[in-house]
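Below is one structure, written out as structure tokens; the observations come after it.
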Amino acid sequence: MSTKARVLWAVASLMLGLSLFPVAAQSDEPPQGLSARDILLRAQDKQFPKNSVSEITMTLIGRGGDQRIRKILTKRKEGPDGESKSVAYFLSPDDVKGTAFLVWEHKSQPNDVFLYLPALKKIRRIAGEQKRQSFMGSDFSYADMESRDVDDAEHRILSEETLDGHALWVIESVPKPESDSEYGKLISRIRKEDFIPQKVEFYDKKGKLYKVMEVLRVGPVGQEVLPLHFTMHNVQTDHKTEILLEKVQLGQDIPDDEFTHRAIQR
16 MSTKARVLWA VASLMLGLSL FPVAAQSDEP PQGLSARDIL LRAQDKQFPK NSVSEITMTL
76 IGRGGDQRIR KILTKRKEGP DGESKSVAYF LSPDDVKGTA FLVWEHKSQP NDVFLYLPAL
136 KKIRRIAGEQ KRQSFMGSDF SYADMESRDV DDAEHRILSE ETLDGHALWV IESVPKPESD
196 SEYGKLISRI RKEDFIPQKV EFYDKKGKLY KVMEVLRVGP VGQEVLPLHF TMHNVQTDHK
256 TEILLEKVQL GQDIPDDEFT HRAIQR
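As numbered in our numbering, residues 16 to 281 make up the sequence shown, in order.
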């Protein structure tokens, strides 16, 4: 990644980070006259606890309404140099139990992304085109789970509106030609009071609506505000992923050795 501010122009990445690897939402009144870029910078540039541990329920919902439920334990640690490490362990069901997802985010080089598959007793590096694949059968790709530099795309405010009682900015983000994004553009509706994305529409390279993410519930966790329940709907396949944040502990003292290859193979 660029040495510039590491932010999420892909708001899906921000939202997934706010759930699988939770951070705190800003609650102060936003200044007037912010540009689209400023808003996305503020969405990531928050005062939040460096370390967190959380428990997640991920529900995969098929076209016919069939459901598969997965329990996940996640840990996140921010380093003093601005880099971060995150890990997610699948606790159930049995067919995915022990699977682990490890991310080392870097300031000046590509992130390192690894997947541990217990059945094979093997760690797989996720890189290149593989990052566009579905993350564990969900409607998120591996790339959705990584941070992007805000300047990897062009942004503009399309309008301002109100949704479910919240004043929102409506922002269009178009990846630059050199970007490796799988999306043609994103339309994000970001809440003014706390910079949390309320709804995000993802379009494919042909301009067709691909996926829609919606926040269903936001609530307090200690002194912070977090999105606690949201969905990602692939409108082209009519498959949906539901994320429910059930437990979160902020400000945890997590040792560095929790984010190693050895740790995810235990």
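Glycine is no exception: its CB is placed at the ideal position from the N, C-alpha and C atoms.
Item to complete: Determine the burial state of residue 85: buried for a count of at least 16 other Cβ atoms within 10 Å of its Cβ, exposed for fewer.
Response: By 1-based counting over the sequence shown, the position of residue 85 is 70. Its Cβ being crowded by 16 or more others within 10 Å, residue 85 is buried.
Discussion item. Does residue 243 pass the burial test, meaning 16 or more other C-beta atoms within 10 Å, or should it be called exposed?
Written reply: In the sequence shown, counting from the first residue as 1, residue 243 sits at position 228. By the Cβ neighbour-count rule, residue 243 is buried, with 16 or more other Cβ atoms within 10 Å of its own.
Practice prompt. Just the C-alpha distance for residue 68 and residue 273, rounded to the nearest angstrom, thanks.
Written response: On the sequence shown, position 53 is the one that residue 68 refers to. On the sequence shown, position 258 is the one that residue 273 refers to. Each residue's alpha carbon lies about 12 Å from the other.
Fill in: Span separating the alpha-carbon of residue 277 from that of residue 147
Your numbering for residue 277 matches position 262 in the sequence shown. Your numbering for residue 147 matches position 132 in the sequence shown. When the Cα atoms are used, residue 277 and residue 147 turn out to be separated by approximately 26 Å.
Practice prompt. Specify the secondary structure class of residue 3 as computed by DSSP and reduced to three states.
Written response: A question about residue 3 goes unanswered here, because the residues of the chain that appear run from 16 up to 281.
Discussion item. Per the DSSP calculation, residue 205 is bridged to which residue(s)?
Written reply: Position 190 of the sequence shown holds residue 205. Partner(s): 184, 212.
Discussion item. For residue 107, which residues in the same chain have their Cβ closer than 6 Å to its Cβ, ignoring the five residues on either side in sequence?
Written reply: Taking the first residue of the sequence shown as position 1, residue 107 is located at position 92. So the list reads 86, once near-sequence residues are dropped.
Worksheet item: The alpha helix (DSSP H) with residue 142 in it runs from where to where?
Response: Numbered from its first residue, the sequence shown carries residue 142 at position 127. No alpha helix (DSSP H) contains residue 142, which DSSP labels as neither H nor E.
Worksheet item: Looking at the unbroken alpha helix (DSSP H) that takes in residue 134, where does it start and where does it end?
Response: In the sequence shown, the residue the question calls residue 134 occupies position 119. If you look at residue 134, you'll find it isn't in any alpha helix (DSSP H); DSSP assigns it neither H nor E.
Discussion item. Cutting at 6 Å between CB atoms, please list the residues of its own chain near residue 264, excluding the five before and the five after it.
Written reply: Residue mapping note: residue 264 aligns to position 249 of the sequence shown, counting from 1. Excluding positions up to five away in sequence, the list reads 68.
Discussion item. Between the alpha carbons of residue 221 and residue 198, how many angstroms are there, rounded?
Written reply: Taking the sequence shown and counting its residues from 1, one reaches residue 221 at position 206. Taking the sequence shown and counting its residues from 1, one reaches residue 198 at position 183. Residue 221 and residue 198: Cα-Cα distance of roughly 9 Å.
Item to complete: Assign residue 182 to buried or exposed, taking buried as 16 or more other Cβ atoms, counted over all protein chains shown, within 10 Å of its Cβ.
Response: Numbered from its first residue, the sequence shown carries residue 182 at position 167. Looking at its Cβ environment, which holds fewer than 16 other Cβ atoms inside 10 Å, residue 182 is exposed.
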